[in-house]
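Protein sequences, first through last, are from chains A and B. With the first letter of the first sequence counted as 1, position 343 gets the number 1075 in my numbering; the numbers rise by one all the way through. With the first letter of the second sequence counted as 1, position 136 gets the number 868 in my numbering; the numbers rise by one all the way through.
There are 2 protein chains.
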Amino acid sequence: MFSTSSFAAHSATTPLSPLQIARREVGPLDVQIDIEYCGICHTDLHVAKNDWGRSVYPIVPGHEIVGRVRAVGAKVKRFAPGQAVAVGCFVGSCGTCASCADHMEQYCLNGYTLTYGSPSADPGGYTQGGYSKSIVVGEHFVLSLPDGLDPAAAAPLLCAGITSYSPLRHWGIGPGMTVGVIGLGGLGHMGVKLAHAMGAKTVMITTSPAKAADAMRLGANEVLISTDEQAMLAMANQFDFLLNTILVPHDFNTYMGLLKVDGTMCIVGAIGPNAQLNTRPLILGRRNIAGSLVGGIKETQEMLNFCAAHEIVSDIELIPVEQINEAYVRMQNNDVKYRFVIDMATLA
Amino acid sequence: MFSTSSFAAHSATTPLSPLQIARREVGPLDVQIDIEYCGICHTDLHVAKNDWGRSVYPIVPGHEIVGRVRAVGAKVKRFAPGQAVAVGCFVGSCGTCASCADHMEQYCLNGYTLTYGSPSADPGGYTQGGYSKSIVVGEHFVLSLPDGLDPAAAAPLLCAGITSYSPLRHWGIGPGMTVGVIGLGGLGHMGVKLAHAMGAKTVMITTSPAKAADAMRLGANEVLISTDEQAMLAMANQFDFLLNTILVPHDFNTYMGLLKVDGTMCIVGAIGPNAQLNTRPLILGRRNIAGSLVGGIKETQEMLNFCAAHEIVSDIELIPVEQINEAYVRMQNNDVKYRFVIDMATLA
C-alpha cells in the first residue's frame, strides 16, 4: 500500500504519518483488482492539499485505475481472475434514483461514493483510491479494459477521457459539426482526440500559439488563438459546441460569441465561482452554458470500447511512485504532456 | 402622430422638440395599419431614457402593436383592409441566413430590423414604433390577430407573450413537467398563464409573499418564496425548466439547485452582466443556463393562435396617451398589473 506521508508538506496543520491502508474483504459482489497503473488527476492534488476543505487524512488519491482481476466474489458474473479491468471516479451510488435508473450514476440524487475520500464501510471509514497495489470494488463499478489499449496510456481515459467523451456524446457531436476544445491540458488533449474521432471539425482554442503544432498532431483541424481578437471575430457564430476544459476560474464571455444559435458551451473544468456572466450572447442567440461531470458506468464502458476501436489513448509520462511529489509540482505548472501515470510496479 | 417631447426629461443632453413622425409610402409588399392599441414594454423606457447609449432621437417607442389594416400593397396576399392584425418587436430581417431560413428571424445573422430605432430607409432614417396612429410594415412581419382575443389585452402578447411562449415551446414544456416562473411582472404573468395552459405543473417563484394569491389566480399550482431557504431546499432537483423573467442583474446561483439533472434555466429578462456564475450546480447535474429572445414570426402567429384557443391575454391597465410618463414611473416601480396598454384613440 502507498504511504500518504509524502502529502504532509501540503497540509502542515493535519498530522500525517506513514501508514498502510487496508482494503475490505472481497464480498460476494466484489472484484479485487491488482492495480498496474494509476493516472494522476488535478483532483488528486486538490484533495491531497485539502483545497476544498473536505479532505480527511490519511487519504490515498487516484481514480484513473487500470489493473487485473485477482479475485472475485461468489456472485460476480462479468469478471474472472486475470482479466484486464479499470476503475474510474466513483465506486458506488444508490442504484434506485432516477439518475441511477438512467445509467447516470455520476448524477445520483442520493450521492455517489467517490473512489477515494467518500465515507464508506471500508476499513478506516473512507474509500481509498488507486495510488495503491490493490483495490476492492463492487462489480457494477468495474469496467472491462478492451484488448488493444495500452494499459498505462489507457488509465487517464477513466477520468480525463470520460469527462470529455460524455458531453461530446450527450450533445450529439458528429460529422458536419464544428467543435471547439478550449484549453490544451489533460482534458483538452482527450477532447481533441475524441471530437476528431467522432467526425467533427475540431478546433483547438488556446491562448498559447506554442501549442498549435501539438494540437494539430493530436487531431485538431485548426487552432484558434483566443487572445487574437480579429481571429476570434472571424470565427463568430461558427461553433456547434465548445468543450471548455480550462481548470481555473475565468470569463466565459470570451467564448460565447463563437457559438451558433442554439450552440452550447459545456464546462468540465472550472468548478465553482467564475467571472460575471454576461447574458447578452445567451439571449441574442439562444446559446447555452452547461456543465458535465465524468460519465456513467455504461457510458464509460462505451467510451473505452470507442477508444479501442479508434486506437485512442492518452499521451502520458509514466513515472515511478517516488516521483509523485515532483509530478504534482510539474502538473501545477502545466508542465506535462498530457497526463502523468504511476507505474504501480514501482510501489514496494 | 405622437410627440416625443415628453421624453425630453429623461435625456437632458439630447435636444428634443415636438414633431410628427412620417411613415413611408405603402410599397407593393407593405401593409398599412391603423394602430388601435400599443403595449408599454420596459424596453420602451430603456430606449426613451437612452439607458443603452444607442437611442437616436426623435424616437417613437412601442412594439406591442394591435390594429386594423387600412391599405395593402399590390403584391400583398395574406391581408386585406379591415382585417385585425398585430406587429411585434421586429419588422425586418435578411431573409436568407440560416436563422431566417429556419423561421428564427429574431436570431438573424445579418441583423434584424427592430420595430423602432433601427436604421432603415423609412423617413428620418430609422424605424419608428407603435405609440402612433399608424405604421407601415412589410407583409412578412405582420401577424393576423385571431378572433376572440380582446385587442387591447392582446397587445402585450406581441412582446411579453412571445418572449415567454418561445422558450416554453423550444424546451418542450407540457404535461408531466414542472416549470418554475421566476419573477411576477409583465413577462412572468404571461409565463404562468402559458406554462399552465401547456399542461405543466407551474410554480411561481418570487421574493414576495404578497404576490402569492395573484400568482395562483393567474394559474400557478404553487408559489415558492425564493428567500425561504427551507422551502427552496425542499424543492431542490424538482424542476424541468425555469423561466427567469427578472429584469435586473442578479445571482443565478440562487435558482440552479432547483433544476433536475439536465434541466434548463432560461433568461429572458436580465440582459447584460449579472453576478458571478458558480458552475458547481451546472457540472454536478449537467444543468444548463440559456437565453431566449422573443420569437420568430411563424412562432408568434402560433402563439397568438394558441392564446386564442386557450383564451389567454395579458392582464392590462388601459391608459390614454397623456398618461404615458406616469405609466413609465409606475412601471419602473413595478406598480402595474401587469402591463400598460395605450388606447391610441386618445392620440390627437
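Beta carbons: idealized from backbone N, C-alpha and C, even for Gly. Here the structure is a predicted model, which means the values were calculated and not measured.
State yes or no: is the beta carbon of S831/B nearer than 7 Å to at least one beta carbon in chain A? yes
What would DSSP say about S940/A, mapped onto helix, strand or coil? coil
Spatial neighbours of A754/A within its chain, please: CB distance less than 6 Å, with the 5 preceding and 5 following residues excluded, ordered by chain position. P855
Would you report the Cα separation of F811/A and G904/A, rounded to the nearest angstrom? 31 Å
Measure the beta-carbon distance from V955/B to T938/B and round it to whole angstroms, keeping in mind my assumption that it falls under 8 Å. 7 Å
Using 8 Å as the threshold, is the region 759-774 of chain B in touch with the region 796-809 of chain B, meaning 3 or more CB pairs across them? yes
Rounded to whole angstroms, what's the CA-CA distance from A830/A to N1037/A? Just pull it up for me. 26 Å
Can you tell which of V1073/A, A1041/A, C1039/A and D1067/A has its C-alpha closest to the C-alpha of P1052/A? V1073/A
According to DSSP, D766/B sits in a beta bridge with which residue or residues? R800/B and S866/B
Would you check if the region 987-997 of chain B and the region 956-973 of chain B touch, i.e. whether three or more CB-CB distances between them fall below 8 Å? yes
Nonlocal neighbours in the same chain, by C-beta distance under 8 Å from G995/A, ignoring five residues either side: F971, D972, F973, L974, G1017, R1019 and N1020
By the 10 Å Cβ neighbour count, where 16 or more other Cβ atoms means buried, how is A1041/A classified, buried or exposed? exposed
Rounded to a whole number of angstroms, what is the C-alpha to C-alpha distance between G794/B and G862/B? 4 Å
Taking Cβ-Cβ distances below 9 Å as the criterion, which residues of the region 1006-1022 of chain A are in contact with chain B? N1006, A1007, Q1008, L1009, N1010, T1011, R1012, P1013, L1014, I1015, L1016, G1017, R1018, R1019, N1020, I1021 and A1022
Kindly give me the distance between the Cβ atoms of I999/A and T910/B, rounded to whole angstroms, as I take these residues to be in contact under 8 Å. With a Cβ gap of about 25 Å, I999/A and T910/B do not count as contacting.
Output the boundary residues of the beta strand (DSSP E) element that contains V792/A. Taken as a continuous stretch (DSSP letters only), V792/A belongs to no beta strand (DSSP E), as it is neither H nor E.
Please go through the same chain and pick out, in chain order, the residues whose beta-carbon is closer than 8 Å to the beta-carbon of D884/B, but skip the five residues on each side of it. Here residue 884/B turns out to be Ala, not Asp, going by the sequence shown. Correct list, in chain order: E768, Y769, V798, I1048, L1050, V1073 and D1075.
Along chain B, in chain order, which residues have C-beta atoms closer than 7 Å to that of S1024/A? I1015 and R1018
Would you identify the three-state DSSP class for L975/B, choosing helix, strand or coil? strand
On the criterion of 16 or more Cβ atoms from any shown chain inside 10 Å, does G1023/A qualify as buried, or is it exposed? buried
Check the DSSP bridge columns for D1075/A and list the partner residues they point to. Y769/A and P1052/A
Please decide whether V1118/A counts as near chain B, where near means a Cβ-Cβ distance under 7 Å. In this structure chain A extends from 733 to 1080, so residue 1118/A is not present and cannot be described.
For D946/B, which of helix, strand or coil comes out of DSSP? helix
Grab the span of the alpha helix (DSSP H) containing M964/B for me, first residue to last. E961 to A966
Coarse secondary structure for M733/A, derived from DSSP in three states: Only weak support is given to the placement of M733/A: the predicted model assigns it a pLDDT of 31, under 50, and the question is left unresolved by the model.
Use the C-beta contact count for K943/A: other C-beta atoms within 10 angstroms, 16 or more gives buried, fewer gives exposed. buried
Here's the rule: buried if 16 or more other CB atoms are within 10 angstroms of the residue's CB, otherwise exposed. What is G908/B? exposed
Suppose you measure from the CA of L979/A to the CA of R786/A; what does that come to, to the nearest Å? 19 Å
In the DSSP assignment, find the beta strand (DSSP E) that holds Q1033/B and state where it starts and stops. Not the beta strand (DSSP E): Q1033/B falls in the alpha helix (DSSP H), residues I1029 to A1041.
Name the chain B residues that come within less than 8 Å of A1002/A, Cβ to Cβ? T1011
Closest Cα partner of G870/B within the set L919/B, A929/B, P981/B and V808/B: V808/B
My assumption, with CB atoms under 8 Å, is that V729/B sits in contact with V758/B. Please give the rounded CB distance. Residue coverage of chain B in this structure runs from 733 to 1080, which leaves residue 729/B outside it and unanswerable.
Would you say V993/B lies against chain A (beta-carbon separation less than 7 Å)? yes
Using a Cβ-Cβ cut-off of less than 9 Å, list which residues of the region 967-993 of chain A approach chain B; keep chain order. N969, P981, F984, N985, K992 and V993
DSSP state of P883/B, grouped into three classes? helix
State the CB to CB distance for the pair G951/A and T934/A, rounded to an integer number of angstroms; the pair is presumed to be in contact (CB under 8 Å). 6 Å
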